[in-house]
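Take a look at the structure below.
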Ligand code: 4NP
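In our numbering, the protein residues as written are 20 to 173.
Here it is in structure tokens:
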């Protein structure tokens with residue numbers, strides 16, 4: 020399985036999702052490729068936000084080595100599953116993908132935890148540390164569902 024996590028900046032939410040899913044896949048003995056990207060490209064080359072790093076590390080997951088990158092059309096061909104952290108992200112993904120956008124492999128991340136509810140992982144960018152804790156918790160629980168759902172497809 021090759022899974023891509025996508026948010027706006029690829030510095031707050033999707034780096035946590037990449038780190039958590041990689042960690043859980045490894046623990047489960049799954050040889051998955053997990054990456055993340057952002058729709059806006061504003062932070063290309065930058066490490067995750069320090070609070071995303073802090074909250075992840077306090078849960079035993081080091082995401083400090085990640086580098087932000089922008090989503091490209093090629094990603095729609097290279098990954099098996101592409102998750103949008105929020106509805107606005109999904110709309111931008113369609114714009115970037117154009118005719119390469121593949122709706123069969125793309126969905127809202129929180130649909131895995133709350134099917135049919137179209138929920139967003141809240142953007143913690145303008146808030147404080149507690150927002151990042153909330154985001155981590157949502158991502159952690161959703162990644163458990165993803166591991167369970169796809170663990171037959173090594
Ligand atoms: P992310 O958070 O999409 O979770 O990485 C954001 C980071 C920066 C901005 C928006 C969201 N921004 O507009 O600068």
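C-beta atoms are modelled at their ideal positions from N, C-alpha and C, and glycine is treated no differently.
- For residue 42, the enclosing alpha helix (DSSP H) covers residues 32 to 46.
- DSSP lists 23, 125 as the beta-bridge partner residues of residue 101.
- Straight-line measurement puts the Cα of residue 115 at about 7 Å from the Cα of residue 91.
- When C-beta atoms of the stretch 137 to 154 are compared with those of the stretch 80 to 99, fewer than three pairs fall below 8 Å, so the two segments do not count as touching.
- Of the heavy atoms belonging to the ligand 4NP, at least one sits nearer than 7 Å to the Cβ of residue 31.
- In the three-state scheme derived from DSSP, where H, G and I count as helix and E and B as strand, residue 57 is classed as strand.
- The ligand 4NP has no heavy atom closer than 7 Å to the beta-carbon of residue 139.
- Excluding sequence positions up to five before and after residue 100, its CB lies within less than 6 Å of the CB of 22, 124, all in the same chain and listed in chain order.
- In chain order, 39 place their CB closer than 7 Å to the CB of residue 159, counting only its own chain and leaving out the 5 sequence neighbours on each side.
- Counting every other CB atom within 10 Å of its CB across the protein chains shown gives residue 156 a total below 16, marking it as exposed.
- For residue 45, the number of other beta carbons within 10 angstroms of its own is below 16, and it is reported as exposed.
- Residue state for residue 164 is assigned as helix, using DSSP reduced to three classes.
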